[in-house]
Amino acid sequence: MAKHVIKFKLNGIDREEYVQDNLTMVDFLRKQMQLTGTKRGCEEGECGACTILLDGRAITSCTMLAVEADGHEIVTIEGLKKDGVLHPIQKEFVDKWALQCGFCTPGMIMSAVSLLHENPHPTEQEIRDGIAGNLCRCTGYVKIVEAIDAAAKIMAKEVE
Amino acid sequence: MAQTRKEYWSEVRSVYKDPKDYVLAGQGNAYVRIDAEAKVTGSAIYTDDVYLPDTWYCKLVHSPYAHAIIKSIDFTEAAKVPGVKGFLTGADFPEGHNLGNPEAFKELADKEPLCRKKVRMIGDEVAAVCATTEEAATEAALLVKVEYEPLPVLLDPFESMAVDAIPIHYPADQPGTANNLSIFTVMKAGDPDKCFAEADYTDKSFYRTQEMAHAAIEPHGAIAKYENGEYTIWTTTQGAYVSRYWIAWGLGVPESQVHLIKPMVGGGFGGKLDVFAHELCSCKFAERLGHPVKCILKRDEVFMCTRTRHPISFQIESAFTKEGKLLAKRCCHILDGGAYGGSGIAANTLSLICATFPYKVENIDMVARRPYTNHPASGAMRGYSACQVHFAHEIHMDEVANHLGIDPVELRHMNEITPYYTGPTGLEFTSCRFKECMDACADAIGWKDRWRYPKGSGEAIGFSGSGFMSGTGFPVLVTPHYCSATTIVRLNREGYAVVFTGANDIGQGCDTVMTMIVAEELGLDMNEVKCVQSDTTTTPWDAGSFGSRVTFLGGNACHHAVGDAKLKLLKHWAEEWGCKPQDIKMADHRVFLPGNPDKNISFNEACYGYEEKNFGRCVAGVGAYNHEGDKDIYVKNVGNYATAYSFSASAAKVTVDKETGAVTLDDFVFGHDCGRPLNIRAVEGQIEGSVLLGLGFTCFEECLYDKNGRHLNPSFRDYRFPTALDMPNIRTKICSDYDEEGPMGAKEAGEGSTAPVGSAIGNAINYATGLVIRELPITPEKLWRAMREHERTGKTEFGAEDLPEKFAKMPPLPKRYNV
């Protein structure tokens, strides 16, 4: 097993890290970077709790190696708040009670960010498609869909 | 003479806010969860997020056999892995300190922290390894050599009860009677035999439900350290105090030497009630090795080694008049208990209690048996026993209605429980809006026009009702302590209050509710009430999150505590102002006598004045609440189980694809009698989650095993539960206003709500296909096969077809306990 130096951007900051080649991205974030907002639910790419953004697109960080981040941009749940203000999706999750135990929430929000980036005006069905890879055992997804829909409308207004 | 408890609480109640003045608990509900911001930003700390310096990692060694004798354990190869620091076996824990429920039946203390001589399920823990990294511990655990002598494997609960079956724990004490019973329960009332003899209509049917996993997204785990002779453990638990009791017992140390901290818990659903080997081993290693030790289970370990929902086989007999009055019920429930007891103790009693309502039935003869098998241990799960029972009994209700030619909703109305009814075994119902729940669902789904979907057309509406205990008075994992809830509230002159609640928030939001109750009574903002989460050193005793007890018992304890503090404060100011405590109001950070502008001070001044008069002592209140029931309920099976009961009804509209057997849930209406909803969005959230669980239960989920007892689908890929694409929009109808005994009028809202979901969907599928399916889950494959067979042979009834013979051949019960 060897170690490699990777250069990448993490939550807007340029980083240079020394990582073991078999370390998964989720374990790198949690253990090496102390960013524990990214959760380990299944470690086989099924539950979506570890979803992060790789160059703006949602990816499960348990099925990615840390060395693969070299030269790329990573955003985790900790990187969404800007200047102390919640991202509109975070804000709507709070206001709409779109979470209960909260364990799937970081991954769910990252998938929603990716979805609204690609499709700023999603239909309800498109929202459901966008979070189909994120399992939630508590909410029945009703308020999550509602929150993402509300955030999409707010973000669309901000763009105007 | 000293004041009695009743007098004191009525004095406390006299200073409670008038419900019409509620700001937070009122119609607006303009507050959010206190943990929401932490959860959306990733800063919320769950067990796996607790990192202590120099933490080492523990990994468990599991049995690959479902039933075997342990011959030897060899750590030689494992010890060669770099970084390995230590090993544990059963011999490292005090002998006889088994985990389980010895209070009711001593045999139920049946789980050793690590197995000493025998394993009883695949995944049973036989040893533990500790290493400096998670990877080294995992590698070493695979190299531990355990020699086994395999024994016959019993997976069918009926085969396990056979008189010649090999004992999984202990042999039957009376020859010729059923073997391997962990517990059995009998409930009788009235004269059922006479009713059956005289009834216009009798029916006998068989049903079966499957093994289901809790599948909380957060896996179970723990991190422990040992300092000053004390273990501190952060763990994924639903009951900090109960877990603490069992961890201390398993380690053989006093409870005073175990400090349990419940961080955020990522969902429980009953699966985090029991105490597990990884908790005990983390503590033991921390003590032995002088390092903090963490053990987080992998997803397959959670599936194979934690707990599941009891699969139940049902024989149901019912007697009705031709007009549809339910006269009597006889039933026999066989619950597959799996390898151990644990939180499974309540399953039998609950399964029978649930069968006695939400319909009035005065004459009953009911038996539940919970045989051990070599499946993973069954335990408590959201809608404990109620989901299975209300599936079988509510499908049965529609079958009877159709035989009698009575509208199924009408048949339910004819027998519905009414307010202040007392059931045949002593359940004391109080507030009850069951009728309103059914009416609301029937209206919203368009029940009277259900004929627009002809039987067998592929589309249909199904209906179902249920009830549940609100504020269970009895533990599911017994300790010698009270099954009560306790809260302390401290008022601070700097303008805030602190609530120390033992209630275990596992995601349902009880920390927010407790904060709200305190803020509401004191006239403070939500962020002026600081909530100290469940922690055995700082918060007072609470029996845990189970049995729909948190809002009801914990909420009442909290309301009492803040009332106690408020009474002390207002008594002081009443004396100063020459009025009665009840005349003084607290709102908008002010303490004031309405209509007297000179008697209007800030919250801070009020606290300060009290302290000045009382030698600096702050205003503090203590509250407790428990249901005063007979603690031997699991032995006697008569008496009142809870302080109140919630009721609900469900209506589902489904479409069945006749080509593929796939079921789509198009619309779902849920009518709920939960008393006063303390937060409407929280209640809706609970109901929406209940529908997900119910849909998974009915159409998706099942733990599958091969003939050796190996779990075939221990991953989210193979154990599929509903995603956002499978869930409909859900319409919640709150059909209640106020329960006299509930905290601020509330009853339970999150557990009983799972119970009527499966049967509403099941009944809808039956009408859509024109078949009667009596077994869960109704997967596309099963439904497709049933429809094809129906086309070929005309057969209409499917599922549980092996049960009549199995029930008929069942060996008798031993003469033990209360028969």
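Protein chains in written order, with this note's numbering: chain A, 1 to 160; chain B, 1001 to 1819. Glycine included, each C-beta is placed from N, C-alpha and C at the ideal position.
| query | result |
| --- | --- |
| Can we say the stretch 1460 to 1467 of chain B touches the stretch 1399 to 1406 of chain B, given the rule of at least three CB pairs closer than 8 Å? | no |
| Do V1638/B and G1426/B have their C-beta atoms closer together than 8 Å? | yes |
| 8 Å is my cut-off, CB to CB: does Q100/A come that close to chain B? | yes |
| Going by other Cβ atoms of all chains shown within 10 Å of its Cβ, with 16 needed for buried, is R1208/B buried or exposed? | buried |
| Between the stretch 1571 to 1578 of chain B and the stretch 1517 to 1537 of chain B, can you find at least three pairs of beta-carbon atoms closer than 8 Å? | no |
| Going by DSSP in three states, I1761/B sits in which element: helix, strand or coil? | helix |
| S1313/B by DSSP, collapsed to three states: which one? | strand |
| When the Cα atoms are used, what is the spatial distance from L1404/B to E1410/B? | 12 Å |
| Let me make sure I understand the geometry here. Which of Y1046/B, R1433/B and R1717/B has the alpha-carbon closest to that of G1221/B? | Y1046/B |
| G140/A and L1692/B - do their beta-carbons sit closer together than 8 Å? | yes |
| If you compare alpha carbons, which of S1759/B, S1243/B, A1224/B and L1289/B is closest to S1545/B? | S1243/B |
| Please determine, among L116/A, V75/A, D149/A and E73/A, the residue with the shortest C-alpha to C-alpha distance to E124/A. | D149/A |
| Quick one, are the C-beta atoms of H1375/B and D1054/B less than 8 Å apart? | no |
| Below 8 Å, can you find three or more Cβ-Cβ pairs linking the stretch 1318 to 1329 of chain B to the stretch 1198 to 1206 of chain B? | yes |
| Please identify, using Cβ separations under 8 Å, the residues of the stretch 93 to 121 of chain A that lie next to chain B, in order along the chain. | F93, V94, D95, K96, W97, L99, Q100, C101, G102, F103, C104, T105, P106 and I109 |
| Just list the alpha helix (DSSP H) runs in the stretch 1198 to 1273 of chain B, keeping only unbroken ones of 4 residues or longer that don't cross its boundaries, in chain order. | 1240 to 1251 |
| Determine which residues share a DSSP beta bridge with M1586/B and list them. | V1591/B |
| With respect to the alpha helix (DSSP H) encompassing T105/A, which residues constitute its N-terminal and C-terminal limits? | T105 to E118 |
| Since T1551/B and C1531/B are thought to touch, with beta carbons under 8 Å apart, how far apart are those beta carbons, to the nearest angstrom? | 15 Å between Cβ atoms; not a contact. |
| Between which two residues does the alpha helix (DSSP H) containing W1784/B stretch? | P1780 to T1793 |
| Write down the C-beta distance between K1111/B and G1100/B rounded to the nearest angstrom, noting that I regard them as a contact closer than 8 Å. | 6 Å |
| Which chain A residues sit within Cβ distance under 9 Å of A1215/B? | L135 and R137 |
| Considering just the uninterrupted stretch of the beta strand (DSSP E) at R1288/B, what are its terminal residues? | Premise fails: R1288/B lies in the alpha helix (DSSP H), A1277 to L1289, not in any beta strand (DSSP E). |
| Could you pull the DSSP bridge partners for V1129/B from this structure? | K1059/B and F1087/B |
| Is the CB of K143/A under 8 Å away from at least one CB in chain B? | yes |
| Measure the alpha-carbon distance for E1301/B versus V1361/B and round it to whole angstroms. | 43 Å |
| Would you say I1073/B and V1129/B are within 8 Å of each other, going by their C-beta atoms? | no |
| Here's a check: name, in chain order, each residue in its chain whose Cβ is nearer than 7 Å to the Cβ of T1536/B, leaving out the five neighbours to either side. | A1240, Y1241, R1244, H1259 and L1260 |
| With H, G and I counted as helix, E and B as strand and the rest as coil, what does DSSP make of D1632/B? | coil |
| Between D14/A and chain B, is there a C-beta pair that is closer than 8 Å? | no |
| Taking 8 Å as the threshold (beta carbon to beta carbon), is V957/B in contact with chain A? | Here chain B comprises residues numbered 1001 to 1819, so residue 957/B is not present and cannot be evaluated. |
| Take V1253/B as the anchor and find which of F1269/B, G1229/B, L1273/B and I1233/B has the nearest alpha-carbon. | G1229/B |
| Please decide whether I77/A counts as near chain B, where near means a Cβ-Cβ distance under 8 Å. | yes |
| According to DSSP, simplified to helix, strand and coil, what is E73/A? | strand |
| According to DSSP, what are the bridge partners of S1650/B? | S1464/B and F1670/B |
| On the CB-based measure, 16 or more other CB atoms within 10 Å of its CB, does R1005/B come out buried or exposed? | exposed |
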